[in-house]
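In the UniProt record's numbering, the protein residues as written are 1 to 207.
Glycine included, every Cβ here is placed at the ideal spot set by N, Cα and C.
Just so we're clear, the structure is a prediction, and the values are computed from it rather than from any experiment.
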Amino acid sequence: MVKITIGSENEVNANNINRNSMNNKQIMKKNMQRIGGRALSLNAFANAKTFNKDYNPSIIKKKKEFYRNAKFIKKYKKSVKQQEHQLDNVGTSMNQHEKQNNPAMGDSFEENGNETGNAYKFNKKTKGREKNSAFSLKEVYRKKCEEEEKARMEREALIQEKKEGKQKAEARRKDLREKMFKKTGKGQPVMKYRIEHLLETIQHSSN
Numbered sequence: 001m002v003k004i005t006i007g008s009e010n011e012v013n014a015n016n017i018n019r020n021s022m023n024n025k026q027i028m029k030k031n032m033q034r035i036g037g038r039a040l041s042l043n044a045f046a047n048a049k050t051f052n053k054d055y056n057p058s059i060i061k062k063k064k065e066f067y068r069n070a071k072f073i074k075k076y077k078k079s080v081k082q083q084e085h086q087l088d089n090v091g092t093s094m095n096q097h098e099k100q101n102n103p104a105m106g107d108s109f110e111e112n113g114n115e116t117g118n119a120y121k122f123n124k125k126t127k128g129r130e131k132n133s134a135f136s137l138k139e140v141y142r143k144k145c146e147e148e149e150k151a152r153m154e155r156e157a158l159i160q161e162k163k164e165g166k167q168k169a170e171a172r173r174k175d176l177r178e179k180m181f182k183k184t185g186k187g188q189p190v191m192k193y194r195i196e197h198l199l200e201t202i203q204h205s206s207n
């Protein structure tokens, strides 16, 4: 009878061990599915970071600068096109105004030859456009530099003014503190400065 009891206990223990191992395997399988596979070992992780040739901070920085410069160039070209369009509109309106004021001159000009006039107008417009574009860009750059310099000088003046005001206030506080703690030869406080301080405080509060 004792042998049967021991055998049954062994069978129960074996079943429990098998059940626990199956549960552990299922848990490990679920974890692997959740994280996408087996975890890398320490050596594999170190080698993966060592031999990763795609990651290069300097190249990434250069790419960012390239994209930023490309963005600025795109904005610059857009502004130049807008200026050219405005210049074309101004030239067209001026030509219409001249033709309205001098119709005979316009008719004779058209009769003498449209091809020559168009070629001359195109060359003149192109040269004027390049000249105005360069001048406008130079003017924009000059104004921007002047504004930055003006803002810098204003900031420096404001900082200097605050610094001087702080120094003056500190000097006044120091002088007042020395006067308030000043004593006579007998060790008594000098009431003159304290009375003056009280009068100044009353005067400021009344104002």
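Neighbourhood of residue i by C-beta, 6 Å cutoff - its chain only, sequence neighbours within 5 removed
i	result
LYS186	none
PRO189	LYS183
LYS3	Only weak support exists for where LYS3 lies, its pLDDT of 43 falling under 50; the coordinates are left without a value.
ALA151	none
Whole-number beta carbon distance between residue j and residue i, since they are thought to touch under 8 Å
i	j	result
residue 252	LEU176	An answer regarding residue 252 cannot be provided, because it is not within the stretch 1 to 207 covered by the chain.
LYS174	TYR193	The pair is not a contact, with the Cβ atoms about 13 Å apart (cut-off 8 Å).
Cβ neighbours of residue i in the same chain (closer than 7 Å, five flanking residues each side left out)
i	result
PHE169	Reading off the sequence, residue 169 comes out as Ala, not Phe. Hits under 7 Å: none found.
SER136	GLN83
GLY113	Its pLDDT being 49, under 50, GLY113 is placed unreliably by the model, and the measurement read from it follows with that caveat. Excluding residues within five positions, none has a Cβ falling inside 7 Å.
9 Å Cβ cutoff, residue i in contact with chain C
i	result
GLY185	Protein chain content of the structure displayed is limited to a single chain, and chain C is not contained in it.
DSSP bridge partner residues for residue i (one or two, in chain order)
i	result
PRO189	LYS183
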